[in-house]
Ligand SMILES: *Cc1c(COP(=O)(O)O)cnc(C)c1O
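Residue numbers (the working numbering): 12 to 378.
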């Protein structure tokens, strides 16, 4: 990571807000034991090395990642007593790595089940696993029919101790969507085929659908990182991320002069342009060219011209002369122009904004 002086932008990540957000959702789920944390993709791009231990300190003991490689890294970051599960399950030939690192695979198909069971039968004690049943995503998980096969052939799970039956909601961010009811019903039906095994259904938005969706363990990600789990309402979570870009040059342009590649912005009056050392290589999407804005103090400054690989330009004419100079900071993501707001303008979702945040920022963790 560059130093604060070297970097083109400062990314502040509020660990206290992350702790508050996790406690908030855990409380909604009925306590810390009923709430996991999804920390895949480096904790949604915000840094699992810092965030994992903070969540543990709040009482989180169940962590989900997507890949086994992420789980192996996480294992070294968390204290004893934490459980780490891998959504994508065991890739062929990695079964022994799961046991070597004490990881729990999510078993998503009959092939993964067969391989995990074969591996487990070489041990005297049963090996843990989570069973994923599909209730409408058509992505991962056993179909209802495959679940039935599994019930009729319990030997397929020989040596395996099922810790959880899970499924994933497709439309939880749209509370009125009929899929939410369909999926919770299908899940209850499938889960009942495995008496005594706890269930897990809700992601962040699923938690806010209400207790009927909570099952025994929820799996929030986005809400922990301050994204709005209730897009149709005000965000109940605390903001976690602030991104401040550094001005590296200020210049005056005349009427009719243009800014940036393609000369897509033409000044309709004499203007002052501030160039900031952040670009699409830092995850600041090029689609934001001539869209959106930054903030200096209380003043919104429009983003003008194309976003380049390493630079963005803002029209700062609204500010008094000599108030902005090299080294000045422009807020690119902040409390009132959140990752969700930026995403809406870029035609994407806050998740993509966070996971794209670049490696060239100086990262400041607020405790
Ligand atoms: C990413 C993921 C989650 C977390 O979803 P959020 O919307 O970020 O809360 C939960 N479950 C599964 C299976 C996931 O892939």
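Glycine is no exception: its CB is placed at the ideal position from the N, C-alpha and C atoms. The model shown is predicted, which means the values in this text are computed figures rather than measured ones.
Beta-carbon separation (whole angstroms), residue i vs residue j, contact threshold 8 angstroms
i           : j           : result
residue 350 : residue 361 : 4 angstroms
residue 310 : residue 343 : With 8 angstroms as the limit, residue 310 and residue 343 do not qualify as a contact, their Cβ atoms being about 14 angstroms apart.
residue 116 : residue 371 : Residue 116 to residue 371, Cβ: 35 angstroms. No contact.
residue 141 : residue 161 : Rounded, the Cβ-Cβ distance is 14 angstroms, inconsistent with contact.
residue 252 : residue 365 : 7 angstroms
residue 315 : residue 358 : Rounded, the Cβ-Cβ distance is 19 angstroms, inconsistent with contact.
residue 232 : residue 216 : At roughly 10 angstroms, the Cβ-Cβ gap does not stay under 8 angstroms, so residue 232 and residue 216 are not in contact.
residue 271 : residue 204 : Incorrect: roughly 59 angstroms between the Cβ atoms, too far for contact.
residue 128 : residue 169 : 5 angstroms
residue 220 : residue 247 : In fact, because the Cβ distance is near 13 angstroms, the residues do not count as touching under 8 angstroms.
Residue i versus residue j - alpha carbon distance
i           : j           : result
residue 131 : residue 28  : 40 angstroms
residue 107 : residue 25  : 37 angstroms
residue 16  : residue 184 : 40 angstroms
residue 167 : residue 210 : 20 angstroms
residue 114 : residue 172 : 13 angstroms
residue 293 : residue 234 : 23 angstroms
residue 324 : residue 59  : 32 angstroms
residue 97  : residue 229 : 15 angstroms
residue 367 : residue 303 : 18 angstroms
residue 327 : residue 285 : 6 angstroms
residue 249 : residue 348 : 13 angstroms
residue 352 : residue 376 : 22 angstroms
residue 340 : residue 306 : 9 angstroms
residue 61  : residue 278 : 44 angstroms
residue 295 : residue 257 : 14 angstroms
residue 124 : residue 218 : 29 angstroms
residue 313 : residue 301 : 8 angstroms
residue 153 : residue 23  : 41 angstroms
residue 356 : residue 237 : 18 angstroms
residue 76  : residue 273 : 41 angstroms
residue 223 : residue 195 : 8 angstroms
residue 334 : residue 276 : 23 angstroms
residue 120 : residue 174 : 16 angstroms
residue 149 : residue 192 : 17 angstroms
residue 322 : residue 202 : 52 angstroms
residue 100 : residue 78  : 8 angstroms
residue 227 : residue 45  : 6 angstroms
residue 57  : residue 354 : 16 angstroms
residue 21  : residue 155 : 48 angstroms
residue 32  : residue 190 : 27 angstroms
residue 319 : residue 291 : 6 angstroms
residue 165 : residue 151 : 21 angstroms
residue 332 : residue 240 : 41 angstroms
residue 264 : residue 308 : 23 angstroms
residue 283 : residue 369 : 27 angstroms
residue 133 : residue 74  : 26 angstroms
residue 206 : residue 180 : 22 angstroms
Beta-carbon proximity list for residue i, same chain, < 6 angstroms, skipping 5 on both sides
i           : result
residue 178 : 144, 146, 198, 212
residue 43  : 37, 70
residue 188 : 182
residue 424 : Because the chain here runs from 12 to 378, residue 424 falls outside it and cannot be looked at.
residue 287 : 256, 258, 323, 341
residue 208 : 173, 176
residue 345 : 253
residue 242 : 184
Sequence-distant residues of the same chain with beta carbon closer than 7 angstroms to residue i, five excluded per side
i           : result
residue 81  : 51
residue 90  : 67
residue 158 : 144, 201, 204
residue 72  : 92, 93, 94
residue 139 : 115, 172, 174
residue 18  : 371, 372, 373
residue 269 : 276, 277
residue 363 : 354
residue 378 : 26, 27
residue 30  : 65, 69
residue 34  : 69
Proximity test, residue i beta-carbon vs ligand 3 heavy atom, cut-off 8 angstroms
i           : result
residue 232 : Ligand 3 is absent from the structure shown, which contains only ligand 1.
Nonlocal neighbours in the same chain, by C-beta distance under 8 angstroms from residue i, ignoring five residues either side
i           : result
residue 244 : none
residue 86  : 95, 112, 113, 114
residue 336 : 258, 261
residue 266 : 278, 279, 280, 281
residue 126 : 101, 103, 106
Residue-level contact to chain B via CB, residue i, 9 angstroms cutoff
i           : result
residue 209 : Annotation note: the requested chain B is absent from the structure, which comprises a single protein chain.
Between the region 66 to 83 and the region 38 to 58, do at least 3 Cβ pairs fall closer than 8 angstroms?
yes
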